[in-house]
Amino acid sequence: MKRYPIISAISVFFIFAVWSIVTYGGYVDPLFLPSPSDVVRAAMEEIDEGIFFKDIGVSFYRIFMGFFISTLFALPIGIMMGTSRAWQSVWEPVVGLVRYMPAVAFIPLSILWFGTTDVQKFFILFLGVFFQEVIMIADNCKTVNRSLVEVGMTIGLKKFEIVKDIVFRAAFPGIMDTFRTTWGWAWTYLVVAELVAASEGLGFRIMQAQRYLATDRIILGILVIGLLGLITDMLFKLLYHRLFPWKESAKVKE
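Numbering (UniProt numbering), first residue to last: 1 to 254.
Structural data, given as structure tokens:
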């Protein structure tokens, strides 16, 4: 286990080294790929302009709220779909239809309905995350060992108690993995929304830099998004380890 961080650090260093050799060596025009120092310089300029941390805050607020709203509805509906055939018959056709519709295609309508407010960003996030999340949560509940449910029925638990105390708790580790996955998808949809209808945020800043061929700021925005995604993913992973330590023990034994 101790060697994994070292290997990860080496892989990151290798990418940075290749980037440095290609750019500082003059093998690529800076217009197409700026050097690391150019990107750092762009970051310092945005900090001086007072937009760097503001954009991060705005984008993070949007993704948190959009993800929270999506999860707030997806969690109960997904659980009901995974535990009730009646609910599955009601929701599965709707979810199955809409989840194949690209959220990007709804951007013109979302702007018409909600303008360029944050509600429009939340709507795009909802479309991009909710339907996929519902299906994954339902699948998490379906994988619960049937014998656990039968035990609950044997001791006289009601349907709601079985779902709440047995199915949900048994499926919760998988549901946490679902949250971790869909959080990553949410970043993609947020950037798409900000590219089209925004006046601030990381996606907007990337689009603005593209208009002026400011490749250094484009790379900066991409790197910041990747770094934020990595940090939050690591937090999800840490939370998973704290909540379900027995899962890690099982993996080690395997």
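Note that CB positions come from ideal geometry on N, CA and C, so glycine has one too.
Residue burial classification, residue i (beta-carbon count within 10 angstroms, cutoff 16)
{"i": "Y61", "result": "exposed"}
{"i": "N140", "result": "buried"}
{"i": "M101", "result": "exposed"}
{"i": "G96", "result": "exposed"}
{"i": "M136", "result": "buried"}
{"i": "L220", "result": "buried"}
{"i": "D48", "result": "exposed"}
{"i": "S110", "result": "buried"}
{"i": "V119", "result": "exposed"}
{"i": "R211", "result": "exposed"}
{"i": "E46", "result": "buried"}
{"i": "V22", "result": "exposed"}
{"i": "S37", "result": "exposed"}
{"i": "I7", "result": "exposed"}
{"i": "A250", "result": "For A250, the predicted structure reports a pLDDT of 49, less than 50, and the residue's modelled location is therefore unreliable. A value from the coordinates is still provided. When all chains shown are included, A250 counts as exposed."}
{"i": "L230", "result": "exposed"}
{"i": "T154", "result": "exposed"}
{"i": "S59", "result": "buried"}
{"i": "V163", "result": "buried"}
Limits of the alpha helix (DSSP H) - the one that residue i falls within
{"i": "P108", "result": "107 to 114"}
{"i": "T117", "result": "Unbroken run through T117: none, as it is neither H nor E."}
{"i": "T188", "result": "168 to 196"}
{"i": "V104", "result": "No alpha helix (DSSP H) holds V104; DSSP gives it neither H nor E."}
{"i": "G156", "result": "No alpha helix (DSSP H) holds G156; DSSP gives it neither H nor E."}
{"i": "G50", "result": "It is not in any alpha helix (DSSP H) - G50 carries neither H nor E in the DSSP assignment."}
{"i": "D29", "result": "From DSSP, D29 is part of no alpha helix (DSSP H); its letter is neither H nor E."}
{"i": "D233", "result": "215 to 243"}
{"i": "S35", "result": "No alpha helix (DSSP H) holds S35; DSSP gives it neither H nor E."}
{"i": "E200", "result": "E200 -> no alpha helix (DSSP H), and no H or E assigned at all."}
{"i": "V94", "result": "85 to 98"}
Residues of its chain near residue i, where Cβ-Cβ distance is below 7 Å and the 5 sequence neighbours each way are ignored
{"i": "I166", "result": "L148, V149, G152"}
{"i": "M80", "result": "W87"}
{"i": "A43", "result": "F52, L220"}
{"i": "I225", "result": "W187, V191, L202"}
{"i": "T178", "result": "E133, M136, I137, N140"}
{"i": "V104", "result": "V192"}
Distance between beta carbons of residue j and residue i, contact taken as under 8 Å
{"i": "Y24", "j": "S35", "result": "6 Å"}
{"i": "I124", "j": "A74", "result": "I124 to A74, Cβ: 16 Å. No contact."}
{"i": "T116", "j": "A198", "result": "7 Å"}
{"i": "K129", "j": "T182", "result": "Sequence inspection shows Val at residue 129; the Lys mentioned does not correspond to that position. Between T182 and V129 the Cβ distance is about 5 Å, and since that is below 8 Å, they are a contact."}
{"i": "V90", "j": "F131", "result": "No, V90 and F131 are not in contact; Cβ-Cβ is about 14 Å, not under 8 Å."}
{"i": "G82", "j": "K142", "result": "5 Å"}
{"i": "N145", "j": "A171", "result": "Going by Cβ atoms, the distance from N145 to A171 rounds to 10 Å, so no, they are not a contact pair."}
{"i": "residue 292", "j": "V39", "result": "The shown model of the chain, from 1 to 254, leaves out residue 292, and the question about it has no answer."}
{"i": "F244", "j": "P173", "result": "5 Å"}
{"i": "E161", "j": "K54", "result": "That pair is no contact at about 48 Å."}
Same chain, Cβ closer than 8 Å to residue i, neighbours up to 5 away in sequence not counted
{"i": "F122", "result": "R62, M65, G66, I69"}
{"i": "residue 283", "result": "Residue 283 is absent from the structure shown; the chain starts at 1 and stops at 254."}
{"i": "F106", "result": "F123, I124, L127"}
{"i": "L239", "result": "M176"}
{"i": "I218", "result": "I206, A209, Q210"}
{"i": "T237", "result": "Position check: residue 237 holds Lys in this sequence, whereas Thr was assumed. If we look at K237 and ignore the five residues flanking it on each side, its Cβ neighbours are R180."}
Neighbourhood of residue i by C-beta distance below 6 Å, restricted to the same chain and skipping five residues each side
{"i": "F204", "result": "E194, A198"}
{"i": "W246", "result": "none"}
{"i": "V196", "result": "I107"}
{"i": "Y189", "result": "A103, I124, L125, G128"}
The ligand NAP heavy atom lying under 8 Å from the CB of residue i
{"i": "V191", "result": "Questions concerning the ligand NAP fall outside what the structure shown contains, since it holds no ligand whatsoever."}
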